[in-house]
Amino acid sequence: DVKVTQSSRYLVKRTGEKVFLECVQDMDHENMFWYRQDPGLGLRLIYFSYDVKMKEKGDIPEGYSVSREKKERFSLILESASTNQTSMYLCASSFGDRGNYGYTFGSGTRLTVV
Amino acid sequence: GDSVTQMEGPVTLSEEACLTINCTYTATGYPSLFWYVQYPGEGLQLLLKATKADDKGSNKGFEATYRKETTSFHLEKGSVQVSDSAVYFCALSGGSGAGSYQLTFGKGTKLSVIP
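Line order of the protein sequences matches chains A and B. No gaps in the numbering here: position 74 of the first sequence is 448 in the numbering used here, and each next residue is one more. No gaps in the numbering here: position 27 of the second sequence is 74 in the numbering used here, and each next residue is one more.
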């Protein structure tokens, strides 16, 4: 069964910490995405990548960075965590350049910053 | 740019009731349309999709028809179960957005089914 795996389901971090959220897919997909999900705001795109070492800003990149050193792994980095980054983070991947196949999502990481 | 508008929730139904969640879209070109479902505490799962006008996607008793003339993709089910309680997202791809491979999501509709 094809999968997108996020390394942690729940994380609690302190304000100011550097936080790494890891995402791995086993489908050889070119495209990978990071979203955050908050009540009433739906899904908001943080960053995406369409190839190894390539990255593009989404709608809300401030306070985040990403790394894609290998095709299967896409990491989201919170350089200095703040309480307003408490959220559900969702990773997704997709195949091809038309999006007709949709996304495959991971199970999500619920991050709490205290 | 592309956009997806879906009915505000929450929606509460009794078991075996009929479900319709409205979804309309704005896009140029010929987008593909999707419905995703998110069960509590989980990520999103693809429920069904349609890639061209008049196509009907179906899965687990849910259906949606791609209506280009009304730019709609309404989700329907004839008889809901408690296990259908979840958040449902309408989405499109392949439109005129920043990347045609990106999905544009609606804000989601929470469905609660009571016994």
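All residues carry an ideal CB built from backbone N, CA and C; glycine is no exception.
- Neighbours of Tyr477/A in chain B, taken as residues at a C-beta separation under 7 Å, are given in chain order as Leu150.
- Short of 7 Å from the beta carbon of Leu95/B, and not among the five residues preceding or following it, lie these beta carbons of its own chain, in chain order: Trp82, Gly104, Ser105, Asn106, Phe109 and Ala111.
- As summarised for the stretch 441–483 of chain A, there are no continuous alpha helix (DSSP H) elements at least 4 residues long confined to that stretch.
- For a Cβ distance threshold of 9 Å, residue set Gly88, Glu89 and Gly90 of chain B lies close to Ser481/A, ordered along the chain.
- Not one beta carbon of chain A lies nearer than 8 Å to the beta carbon of Leu60/B.
- With its beta carbon less than 8 Å from one in chain A, Gly155/B belongs to the interface.
- In terms of beta-carbon proximity, Gly48/B stays away from the interface with chain A, with every pair separated by 8 Å or more.
- For Leu417/A, the nearest CB of chain B lies under 8 Å from its own CB, placing it at the interface with that chain.
- If you keep only unbroken beta strand (DSSP E) runs of at least 3 residues inside the stretch 94–152 of chain B, you get 103–106, 109–112, 122–124, 133–140 and 150–152.
- Neighbours of Asn458/A in chain B, taken as residues whose beta carbon is under 7 Å from its own, are absent, since the nearest beta carbon is some 20 Å off.
- Judged by their CB atoms, Ser456/A and His403/A are not nearer to each other than the 8 Å cut-off.
- Separation of the CB atoms of Val487/A and Lys377/A is rounded to 27 Å, and the pair is thereby denied contact status at 8 Å.
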